[in-house]
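Scroll down for the structure; my scribbles are underneath it.
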Amino acid sequence: MQTELDPVCGMTVDPNTAISLESKGETHYFCSESCRDRFAAQKNESDSAESKTGSCCEPSNKPSPKQRAESSPQSPAGRIYTCPMHPEVEQIGPGSCPKCGMDLEPKTISRDDGEESDATEADMTRRFWVGVALSLPLLVLTMGPMVGLPIRGWLSPTVEGWLQLLLATPVVLWSGWPLLVRGWQSVLHRSPNMFTLVALGTLTAFGFSLLAVIFPTLIPTAFYEAGRPPLYFEAAAVIITLVLLGQVLELRARKRTSGAIRELLELAPDTAHRVTDSGEEDVPLDAVQAGDRLRVRPGEKTPVDGIVREGKSSVDESMLTGEPTPVEKSVGDKVSAGTLNQTGTLLIEAEQVGSETVLSRIVDMVAAAQRSRAPIQSLVDTVAAWFVPIVIVTAIVAFGVWATIGPEPRLAHALLAAVSVLIIACPCALGLATPMSIMVGVGRGAREGVLIKDAQVLETMEKVDTIIVDKTGTLTEGRPRVTEVIPAEGTSEAELLSLAAAVEQSSEHPLARAVVEGAKDRELDVPVADGFNSTTGGGVEGTVEGRRVLVGKRGFLVSNDIKLSSDLDERSQSLQEQGRTVVFVAAEGRQLGLLAISDPIKQSTPHAIRRLHELGLELVMLTGDAEATARAVANELGIDEYSAGVSPEDKHDYVRKLREQGKVVAMAGDGINDAPALAAADVGVAMGTGSDVAIESAGVTLVGGDLRGVIKAAALSRATMQNIRQNLFFAFGYNALGIPIAAGVLYPVFGWLLSPMIAAAAMSLSSVSVIGNALRLRGAKL
Numbered sequence: 164m165q166t167e168l169d170p171v172c173g174m175t176v177d178p179n180t181a182i183s184l185e186s187k188g189e190t191h192y193f194c195s196e197s198c199r200d201r202f203a204a205q206k207n208e209s210d211s212a213e214s215k216t217g218s219c220c221e222p223s224n225k226p227s228p229k230q231r232a233e234s235s236p237q238s239p240a241g242r243i244y245t246c247p248m249h250p251e252v253e254q255i256g257p258g259s260c261p262k263c264g265m266d267l268e269p270k271t272i273s274r275d276d277g278e279e280s281d282a283t284e285a286d287m288t289r290r291f292w293v294g295v296a297l298s299l300p301l302l303v304l305t306m307g308p309m310v311g312l313p314i315r316g317w318l319s320p321t322v323e324g325w326l327q328l329l330l331a332t333p334v335v336l337w338s339g340w341p342l343l344v345r346g347w348q349s350v351l352h353r354s355p356n357m358f359t360l361v362a363l364g365t366l367t368a369f370g371f372s373l374l375a376v377i378f379p380t381l382i383p384t385a386f387y388e389a390g391r392p393p394l395y396f397e398a399a400a401v402i403i404t405l406v407l408l409g410q411v412l413e414l415r416a417r418k419r420t421s422g423a424i425r426e427l428l429e430l431a432p433d434t435a436h437r438v439t440d441s442g443e444e445d446v447p448l449d450a451v452q453a454g455d456r457l458r459v460r461p462g463e464k465t466p467v468d469g470i471v472r473e474g475k476s477s478v479d480e481s482m483l484t485g486e487p488t489p490v491e492k493s494v495g496d497k498v499s500a501g502t503l504n505q506t507g508t509l510l511i512e513a514e515q516v517g518s519e520t521v522l523s524r525i526v527d528m529v530a531a532a533q534r535s536r537a538p539i540q541s542l543v544d545t546v547a548a549w550f551v552p553i554v555i556v557t558a559i560v561a562f563g564v565w566a567t568i569g570p571e572p573r574l575a576h577a578l579l580a581a582v583s584v585l586i587i588a589c590p591c592a593l594g595l596a597t598p599m600s601i602m603v604g605v606g607r608g609a610r611e612g613v614l615i616k617d618a619q620v621l622e623t624m625e626k627v628d629t630i631i632v633d634k635t636g637t638l639t640e641g642r643p644r645v646t647e648v649i650p651a652e653g654t655s656e657a658e659l660l661s662l663a664a665a666v667e668q669s670s671e672h673p674l675a676r677a678v679v680e681g682a683k684d685r686e687l688d689v690p691v692a693d694g695f696n697s698t699t700g701g702g703v704e705g706t707v708e709g710r711r712v713l714v715g716k717r718g719f720l721v722s723n724d725i726k727l728s729s730d731l732d733e734r735s736q737s738l739q740e741q742g743r744t745v746v747f748v749a750a751e752g753r754q755l756g757l758l759a760i761s762d763p764i765k766q767s768t769p770h771a772i773r774r775l776h777e778l779g780l781e782l783v784m785l786t787g788d789a790e791a792t793a794r795a796v797a798n799e800l801g802i803d804e805y806s807a808g809v810s811p812e813d814k815h816d817y818v819r820k821l822r823e824q825g826k827v828v829a830m831a832g833d834g835i836n837d838a839p840a841l842a843a844a845d846v847g848v849a850m851g852t853g854s855d856v857a858i859e860s861a862g863v864t865l866v867g868g869d870l871r872g873v874i875k876a877a878a879l880s881r882a883t884m885q886n887i888r889q890n891l892f893f894a895f896g897y898n899a900l901g902i903p904i905a906a907g908v909l910y911p912v913f914g915w916l917l918s919p920m921i922a923a924a925a926m927s928l929s930s931v932s933v934i935g936n937a938l939r940l941r942g943a944k945l
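Every position in the sequence shown, counted from 1, becomes a number in my numbering once 163 is added.
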């Protein structure tokens, strides 16, 4: 069957049934109307930008949809790379973003990407630590005299100046080289951003200081301090080092994001046992084609999606459904890639292979949903797009006015005024405003067992109006337990449970383990069973102390000519309506009673549900469990809406549908099956007791698996976002006041002229204000 790739979300679609759109002579296919509309909007925006600026804002080798489909995900030269800050920028092969200069990252993740990301992170980390090692002695040289160190008694002005130059040059020109390159590229492509500010501020401070060291006579003596010309090497070095710290944290966050996808990729085996007319052979997974027959032995993972042609077995599908109970598979049943075969050997016929398997589609959905940036990051860039030109124009105007009508020496005063404007506008406080609050807020959350992945979570959590929760492991404990022991007349609870546990000891079924653990919890003596036999999809039997004991489904007992009690039969129906799994037990041709097994609701869940309702949040439960179980849990907890029997793709689509309706959605879950929905939601909340993939895919991880952590995350989000807004006010407030003063607007009236040294002090004060305000988050009440 011919397939195409949705150019927006990357999902495989059938051209015969997919939504299509004609654009510039090419036909594009989409999985939904929302993807088509988004593509059309991006296409119009791209065409408009191209008509205005030519090709400066897009890579020259932007791939066509056909190239997207044909590019190999394993070859760096053939893979599609995109910018994490500008996802509309795409090209085949690695490179840098023409808008912001950031390194492009692959849209599709392979198992080998970890080494590449490790090398990039190691390089940036090395640059950061070099910056720290050289900036610290530089700060001692410049700030030491302020705290009483007799540094200026030890060093002459010339020696001190050259020593500062020696320390600062590697920091600015080597450690900060990637930042300077990105700043330069943003100028070339007329797209000012934070890197423009970093490059402009650091190079201005460094260049002025370099001039003061080499040509000190050009600096008016009125601006000397203790007989020395002012130097700002430490400002340039510290700015570079702080920005590098932010880059290291960013790279680590991106590494965790791709790590979730690699966890998913590792669920599928590397090889498959292909059965041919000549025998059985082990082949690489890439060599498997639709129609091949594959053998899956007990304990092995299913390599592809297929249909069982021979054999019976129990298959653990928890990685897809999130439910702990294995599913019985026989001839004609479908199996999915990555699921674990448990009890018997299966011969399957491959149907979907490669990118068409359910597992691969989950990987694609997680990758697409995780390629997002927090709006607060783009806010700073938007402001910078206006801020940078304003600062440059102000510096030029100040230079021109002072050079024309200023006091003598006019040129020197003009240079100092321009430099003062650029230094006081240096984006140190602006660059710290968001990351400092984020760092402190994340640390505060960690103390409360709420782990935050990135700024997007803290920004969007305060806007969430809908919470979607999984059942198993989120609302419930995620471990089946015997909750009721109901004996028939003449049988005790202890006898019923101990006989059942004796037979179930030899079974690997999760429900069997629940029965055995139930007997242990009640400290019962469990005898040994002989002659154990298992009937797939029915139950088990064995001889216990001379008695033939049967444990299993109702039909299993009926098929063995066991007469059932009408009272117990009615009780079993009532229990099933309450969401319990009922196990029937019989011995010597007589029913002994019932065991009710369920996944108990966590003690903290009812309180958390009440608090979330008090916050005005709508609660929706999506589960792969049966309708009766889902209904019982929803009714007991007061869930606003629920849906049972949903697949991972259903959960993902449900989240996407709510977001298209304008809802701000938080998804809470713990299983691999929740990963696509966790990544697609505005905020993903993973239980710390859940799977690694769910944790990696989510923006919030609750260490204790306690849903009450969602309440703490909401409070933390509101406090952090308020703190960020305050920091931005401090940062821009200092610039709004300092830039005009640095330009000399008060000189004609008051005779006040802001020297570069005072400008640097004001810049530092703004940074101190931002840092101090951010540290208040440590005492925030959650």
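C-beta atoms are modelled at their ideal positions from N, C-alpha and C, and glycine is treated no differently.
Put simply, the backbone Cα of Glu656 is about 28 Å away from that of Ala793.
Inter-residue distance for Pro447 and Asp433 is about 6 Å (C-alpha atoms, whole angstroms). In the DSSP assignment, Gly469 falls within the unbroken beta strand (DSSP E) covering 468 to 473.
Only residues of its own chain outside the window of five on either side were considered, and among them Val632, Thr637, Val848 have a CB closer than 6 Å to the CB of Ala831, listed in chain order.
Shown here, Gln754 sits in a strand according to DSSP, grouped into three states. Residues of the same chain with a CB within less than 8 Å of the CB of Gln754, apart from the 5 flanking positions on each side, are Ala651, Leu720, Ile725, Lys726, Leu727, Ser728, Leu731, Phe747, Val748 in chain order.
DSSP lists Leu865 as the beta-bridge partner residues of Met850.
At a Cβ-Cβ threshold of 8 Å, Ala750 and Leu662 count as neighbours. It is roughly 26 Å from the alpha-carbon of Met306 to the alpha-carbon of Leu343.
When C-alpha distances from Leu900 are compared across Val584, Glu512, Ser761, the shortest belongs to Val584. The C-beta distance from Ile649 to Arg734 rounds to 6 Å, short enough to meet the 8 Å contact threshold. When the five nearest sequence neighbours on each side are left out, the beta carbons in the same chain lying within less than 8 Å of the beta carbon of Ala453 are those of Ala513, Glu514, Gln515, Val516, in order along the chain. For secondary structure counted as the beta strand (DSSP E) over 3 or more consecutive residues, the region 617 to 673 holds these complete runs in sequence order: 629 to 632, 644 to 650. If you draw a straight line from the Cα of Gly346 to the Cα of Leu330, it comes to about 22 Å. With a threshold of 16 other beta carbon atoms within 10 Å, Ala282 falls short and is exposed. Setting aside the 5 residues that flank it on each side, Thr439 is surrounded in the same chain by Arg456, each with a C-beta closer than 8 Å to its C-beta; the list follows chain order. The alpha-carbon separation between Glu185 and Val252 amounts to approximately 21 Å. Pairing Gly442 with Gly469, the inter-Cα distance amounts to about 20 Å. Here Val350 has Thr359 as same chain residues with Cβ atoms under 7 Å from its own Cβ, once five neighbours each way along the sequence are excluded.
Bridge partners of Glu189 according to DSSP: Ser186.
In the DSSP assignment, the residues bridged to Lys492 are Ser476. DSSP places Phe378 outside both helix and strand once states are collapsed to three, so it counts as coil. Burial is judged here by how many other beta carbons sit within 10 angstroms of a residue's own beta carbon; Gly501 has at least 16 and is buried. By the Cβ neighbour-count rule, Glu571 is exposed, with fewer than 16 other Cβ atoms within 10 Å of its own. Trp337 has its alpha-carbon roughly 29 Å from the corresponding atom of Ile559. About 5 Å separates the beta carbons of Ala876 and Val613, which is inside the 8 Å limit, making them a contact pair. A straight line joining the alpha-carbon of Asp479 with that of Tyr805 spans about 24 Å. In this structure, DSSP gives Gln515 an extended state, which the three-state scheme calls strand. Distance between Gly507 and Lys497, taken at the CA atoms: about 15 Å. Between Val828 and Val627, the gap from beta carbon to beta carbon is short of 8 Å. Contact annotation: Thr629 and Val783 have beta-carbon atoms nearer than 8 Å. In the DSSP annotation of this structure, Val691 is not part of any alpha helix (DSSP H), being labelled neither H nor E. Val376 and Gly896 have their C-alpha atoms roughly 32 Å apart. For Gln619, the closest C-alpha among the options Ile601, His191, Ala882, Thr639 is that of Ile601.
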